[in-house]
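In order, the protein sequences belong to chains A and B.
Count the first sequence with the working numbering and you get residues 11 to 395, in order.
Count the second sequence with the working numbering and you get residues 11 to 395, in order.
By construction, the Cβ of each residue, glycine as well, lies at the ideal position given by its N, Cα and C atoms.
Worksheet for the structure shown next.
Number of protein chains: 2
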Amino acid sequence: MSDFNLNSLEECLEKHIPPNELKEVKRILYGVPEHDILELPASATTLAADNDFEIQGYRISAQKEHIRKPRIVRVGAIQNSIVLPTTDPVDKQREAIWNKIRIIIKAAAAAEVNIVCMQEAWTMPFAFCTREKFPWCEFAEEAESGPTTKMLQELAKAYNMVILSSVLERDTAHGDTIWNTTVVISNRGRYLGKHRKNHIPRVGDFNESTYYMEGNTGHPVFETDFGKIAINICYGRHHPQNWMMFGLNGAEIVFNPSATVGALSEPLWGIEARNAAIANSYFTVAINRVGSEEFPNEYTSGDGKKAHKVFGPFYGSSYVAAPNGARTPGLSRHRDGLLVTELDLNLCRQVKDFWNFPMTQRLPLYAESFKRASELDFKPQVIRE
Amino acid sequence: MSDFNLNSLEECLEKHIPPNELKEVKRILYGVPEHDILELPASATTLAADNDFEIQGYRISAQKEHIRKPRIVRVGAIQNSIVLPTTDPVDKQREAIWNKIRIIIKAAAAAEVNIVCMQEAWTMPFAFCTREKFPWCEFAEEAESGPTTKMLQELAKAYNMVILSSVLERDTAHGDTIWNTTVVISNRGRYLGKHRKNHIPRVGDFNESTYYMEGNTGHPVFETDFGKIAINICYGRHHPQNWMMFGLNGAEIVFNPSATVGALSEPLWGIEARNAAIANSYFTVAINRVGSEEFPNEYTSGDGKKAHKVFGPFYGSSYVAAPNGARTPGLSRHRDGLLVTELDLNLCRQVKDFWNFPMTQRLPLYAESFKRASELDFKPQVIRE
């Protein structure tokens with residue numbers, strides 16, 4: 011289905027389109043005629059070269075204001091493949107991924123990143139395609155006190171960095187319920203809170219409703235030293251109303267840690283998180299894993315095709331979108347990578363003042379309309395001849 | 011700001027990117043490795059050639075089903091410039107545009123189009139930039155019985171075609187209120203109903219709140235012989251909740267008649283209507299006018315720049331997006347044009363069954379959350395350290 015010789019869409023456009031036309035193509039496709047490249051220190055780029063991951067840096071600026079100072083924040087998006095075979099012991103698999111990510115977070119620190127976010131369920135293979143509970147549920151851990159959270163608290167404190175860690179959560183206080191959760195760790199190394207995935211897919215290999223239910227944590231926004239942030243986990247990006255509630259709660263950056271494969275969603279990938287940035291006047295950070303993952307037992311994909319063992323390829327292509335509709339290029343479709351983007355958070359309010367989307371939202375109309383549409387005896391507004 | 015030597019993004023990609031890579035680029039950017047070209051009859055293409063407008067045809071198919079037959083519908087999207095100088099008498103200006111559009115609708119009939127939609131306020135220049143009421147309000151007419159509606163009723167009947175006509179409406183029953191309205195005329199030539207623009211811009215040259223208020227017609231879906239259709243007028247495309255309500259009322263195709271200019275919105279244009287198609291599992295038809303319009307008196311744009319007389323260029327680029335995320339190429343950025351797209355409406359339900367977006371929508375949660383967010387004493391859900 012997908013030609014993985016194409017490292018990224020942007021590389022292909024840069025290579026073939028003549029410079030003058032390229033500017034206009036990029037203006038239409040990326041919202042800027044030329045990307046503002048962020049110079050990254052050698053300490054970061056060397057780590058990337060030595061450890062075989064991509065690193066890219068961009069800057070998205072705002073206008074100078076009279077009263078507010080610029081609010082410059084660097085966000086890091088990490089995409090990666092798993093490390094060990096899925097047949098290895100669960101703790102070994104997790105540790106190997108930890109080790110890889112520790113190095114990328116170190117590079118993020120060298121690049122002066124303030125907030126870093128990993129992909130969805132980053133400590134494990136995306137095993138939900140199998141519908142098997144064993145051994146995959148062993149990857150689940152307590153959000154507040156699990157080994158991954160503890161490990162990252164050290165790094166967060168050492169690097170003065172907010173870390174968003176999406177894990178499979180085991181909720182022992184509620185009967186060992188499993189959740190798909192993002193843990194927010196403050197730059198002082200404190201557990202700040204968590205968000206549970208609001209919308210759960212039942213599509214293709216994404217048998218996630220087999221493992222966990224719709225989240226019960228609402229739409230929290232975390233007020234950090236580096237801005238108000240929120241997390242819309244994976245499939246939640248298909249639901250504009252989910253994005254909206256994070257905006258209504260005041261988010262300035264919404265991260266979208268994901269795991270999704272090319273044949274399913276690649277044409278949608280550049281659309282959804284970017285539309286959310288536009289509609290809600292905030293930044294979005296879309297993160298997807300890379301590589302293919304082979305499982306010990308054959309499984310079927312609900313598509314009438316034969317049982318098989320490999321899930322993927324996940325197509326990476328992580329990017330940042332801005333409230334004014336501009337976006338960065340994507341990371342590679344198949345390599346581990348760190349995308350560093352320097353944002354001026356003042357752009358959010360500037361875009362609100364310019365476009366007036368919140369002001370023209372007519373929220374009471376939709377509260378009422380959604381309520382009516384939810385009722386069992388809802389009669390759609392249909393006009394017939 | 012914009013290089014109008016670029017006729018369309020698609021032409022540029024086709025010209026410069028080698029065939030093998032082009033397939034993958036198109037798969038990522040357009041959701042299909044190759045567009046399915048719809049052969050159009052000479053009677054249609056000759057009209058286009060003779061009258062200097064572009065014509066393009068595409069097909070978007072669905073899977074064969076056991077029980078339902080394919081529901082094949084052809085939609086036509088018309089984009090155009092105005093004809094006479096804006097200093098000419100209002101009735102002459104309107105008549106000249108009528109004459110141009112009559113020919114394009116004739117070509118649509120030759121191409122067996124079932125539903126045709128023109129751009130926003132198609133009978134007039136987009137004079138709202140001026141903030142002048144005279145003579146522009148003279149373009150307003152009764153939705154039910156105005157001269158444009160009457161003229162189109164003849165064509166609709168003659169061609170067995172549903173026609174969506176976006177006009178400035180004069181509502182004499184309510185104190186000569188002015189509205190931005192789309193009139194729906196059935197293929198039997200009957201006035202079927204109307205929809206009034208739900209969200210009104212206050213941005214740049216779009217001084218529309220000077221002329222009319224937020225619509226009071228809800229989110230009607232019109233059940234026609236050719237499927238359930240709705241209209242999201244222009245600025246309403248920035249509001250995902252607006253798109254959603256048309257979906258909740260059962261729309262299979264939502265038209266987005268627009269008027270928007272390059273410097274303001276071109277990078278957003280390919281994102282918003284397409285995101286709506288994906289999120290709501292229906293087809294969307296995004297239509298924008300072309301050309302520049304010169305007004306008799308200087309006006310300012312609220313951007314700190316000098317007063318001027320020309321509004322534009324509008325960038326055309328009309329396109330159709332499908333529920334599975336695929337989209338057609340866009341029409342030209344600067345020529346009049348007719349985009350004919352053959353759709354199988356069965357794709358809507360097929361995509362719903364595949365992706366489950368309506369089922370996973372959690373509407374009661376959002377009805378409640380939007381209600382809370384609308385209240386004067388709303389406290390956003392914020393977590394602090």
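- Check the Cα spacing between B:G41 and each of A:P277, A:L348, A:R247 and A:I173: the tightest is with A:P277.
- A Cβ-Cβ separation of about 4 Å places B:T192 in contact with B:I241 under the 8 Å criterion.
- Around B:P51, the same chain offers A120 and A121 as residues with beta carbons nearer than 7 Å, after the five sequence neighbours per side are excluded.
- Assignment of B:S176 by DSSP, reduced to helix, strand and coil, places it in the strand class.
- Given a length threshold of 4 residues, each whole run of the alpha helix (DSSP H) inside the region 210-279 of chain B is given here in chain order: 250-258.
- Within the region 379-395 of chain A, S379, F380, K381, A383, S384, P390, Q391, V392, I393, R394 and E395 place their CB atoms closer than 7 Å to a CB of chain B, listed in sequence order.
- Any Cβ of chain A closer than 7 Å to the Cβ of B:C22 would place that residue at the interface, and such an atom is present.
- Short of 7 Å from the beta carbon of A:R78, and not among the five residues preceding or following it, lie these beta carbons of its own chain, in chain order: N356.
- Taking each of A:R104, A:V35, A:E304 and A:F324 in turn and checking the Cα distance to A:G156, the smallest one comes out for A:R104.
- Beta-bridge pairing by DSSP links B:L349 to B:Q66 and B:A87.
- From the beta-carbon of A:G228, the residues of chain B found nearer than 9 Å are L375, S379 and Q391.
- For A:K319, the enclosing beta strand (DSSP E) covers residues H318 to Y325.
- The residue from A:P267, A:E179, A:R81 and A:F236 with its alpha-carbon nearest to that of A:R198 is A:F236.
- The secondary-structure analysis by DSSP pairs B:T192 across a beta bridge with B:S176 and B:H205.
- Comparing alpha-carbon positions, the option among A:A54, A:E233, A:F232 and A:V264 lying closest to A:R247 turns out to be A:V264.
- Taking a Cβ-Cβ cut-off of 7 Å, A:V330 has no neighbours in chain B, whose nearest Cβ is about 14 Å from it.
- Per DSSP, the beta bridge partners of B:N298 are B:S268.
- For B:I47, the three-state secondary structure derived from DSSP is strand.
- Taking 7 Å as the threshold, the shortest C-beta distance from A:G41 to chain B falls below it.
- Taking 7 Å as the threshold, the shortest C-beta distance from A:M161 to chain B does not fall below it.
- Using a CB distance below 9 Å, the part of the region 275-288 of chain A facing chain B consists of S275, E276, P277, L278, W279, G280, I281, E282, R284, N285, A286 and I288, ordered along the chain.
- When C-alpha distances from A:T140 are compared across A:E303, A:K381 and A:T338, the shortest belongs to A:E303.
- The way I'd put it, the region 107-117 of chain B does touch the region 55-72 of chain B; three or more beta-carbon pairs between them come closer than 8 Å.
- Going by beta carbons, B:S71 and B:D354 fall inside the 7 Å limit.
- Look at B:I125 here: in three-state DSSP terms it is strand.
- Proximity of B:N366 to chain A, defined by a Cβ-Cβ separation below 7 Å, is satisfied.
- For the pair of segments examined, the region 313-331 of chain B was found to touch the region 282-301 of chain B: the number of CB pairs separated by less than 8 Å reaches three.
- A:P145 is outside the set of residues whose beta carbon lies under 7 Å from a beta carbon in chain B.
- Residue nearest to B:P99 within the set B:I288, B:W146 and B:T294 is B:W146 (criterion: CA-CA distance).
- The contact set of B:G203 on chain A, defined by CB atoms closer than 7 Å, consists of I393 in chain order.
- In this structure, the straight-line span from the alpha carbon of A:V177 to that of A:V85 is close to 20 Å.
- Minimum Cα-Cα distance from B:V126 among the listed residues B:T351, B:P95 and B:F216 corresponds to B:T351.
- For A:Y245 and B:L94, the gap between their C-alpha atoms comes out near 50 Å.
- Taken atom to atom, the span from the alpha-carbon of B:A383 to that of A:L375 is near 12 Å.
- Where A:V392 is concerned, the enclosing beta strand (DSSP E) starts and stops at V392 to R394.
- A:E151 is bridged by DSSP to A:E179.
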